[in-house]
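In full-length UniProt numbering, the protein residues as written are 1 to 261.
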């Protein structure tokens, strides 16, 4: 389990680095081609991690911020990019503000950051393949049979939960993640408070990730999620409730999720 835990933690760090790198690429692209990539809520934003985003970034480097044609975007895409999508970004590029006077220097910096981002992405892909092999040797592999729970989510939870017999029951497992409610007891009063948030943040995030996957791909969990939101719960509150309500307390014999009542 130490190997799996180390790999999971290393991936978590790389993913955090990737998020920062993506933000930096967005900032540099917006400085080189002002107005091309709009933030969410202000038009069609550009996902730099996708084939379209990589094509736009590559063209921004190659042409130092000058508008790229449909043909150039298609040729520099690492994956499939449809004609309509390429035409949209080419037209939007022509309507953007002109590049700044130091566009060539900015393009050079963007090129180096883009190379580092791609290397980071390759490292994450290689690490995920390693995690897949490590998870297959453990009882945590059974978690991948749950709807919406693939290798990465299963490994993140298993790395901090196995061996499962460390926890006498599900409540002790939830306490370790910090999702169990804090308890106040006196001679005359016993009260449950908000979640304690004790334990490892990675363990808590892993359990929340499984709850999110189930709420998206399991009909029973999706129904319960809708019920909780209809009561006025925020999405994150509903996810916490799902994580606490019903997740497999015994990994080797984990059944498919039953309807939540």
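For each residue, glycine too, the CB sits at the ideal point set by N, CA and C.
- Ranked by Cα distance from residue 81, the first of 61, 47 and 210 is 47.
- In this structure, the alpha-carbon of residue 200 lies about 12 angstroms from that of residue 159.
- Look at residue 133 here: in three-state DSSP terms it is helix.
- For residue 143, the closest of 209, 241 and 64 by C-alpha to C-alpha distance is 209.
- Secondary structure note for residue 218: it is in no alpha helix (DSSP H), with a DSSP letter that is neither H nor E.
- Taking C-beta atoms under 8 angstroms as the contact rule, residue 162 and residue 140 qualify, at a distance of about 6 angstroms.
- Residue 175 carries a helical assignment under DSSP once its states are collapsed to helix, strand and coil.
- Contact between residue 33 and residue 53 fails: their C-beta atoms lie close to 13 angstroms from each other, not under 8 angstroms.
- By the Cβ-count criterion, residue 71 is exposed, with fewer than 16 other Cβ atoms from all chains shown falling within 10 Å of its own Cβ.
- Each residue's CA atom was taken as its position, placing residue 97 and residue 112 some 24 angstroms apart.
- Counting of Cβ neighbours within 10 angstroms places residue 221 among the buried residues, the total reaching 16 or more.
- Under the three-state reduction of DSSP, residue 97 is assigned to coil, being neither helix nor strand.
- A distance below 8 angstroms between beta-carbons, with the five flanking residues on each side excluded, links residue 157 to the following residues of its chain, in chain order: 140, 143, 203, 206, 207, 209 and 210.
- Contact fails between the region 88-96 and the region 114-125, because fewer than three Cβ pairs, one in each stretch, are under 8 angstroms apart.
- Residue 169 and residue 128 have their alpha carbons spaced roughly 30 angstroms apart.
- The shortest CA-to-CA distance from residue 11 to any of 123, 101, 149 and 24 is the one to 123.
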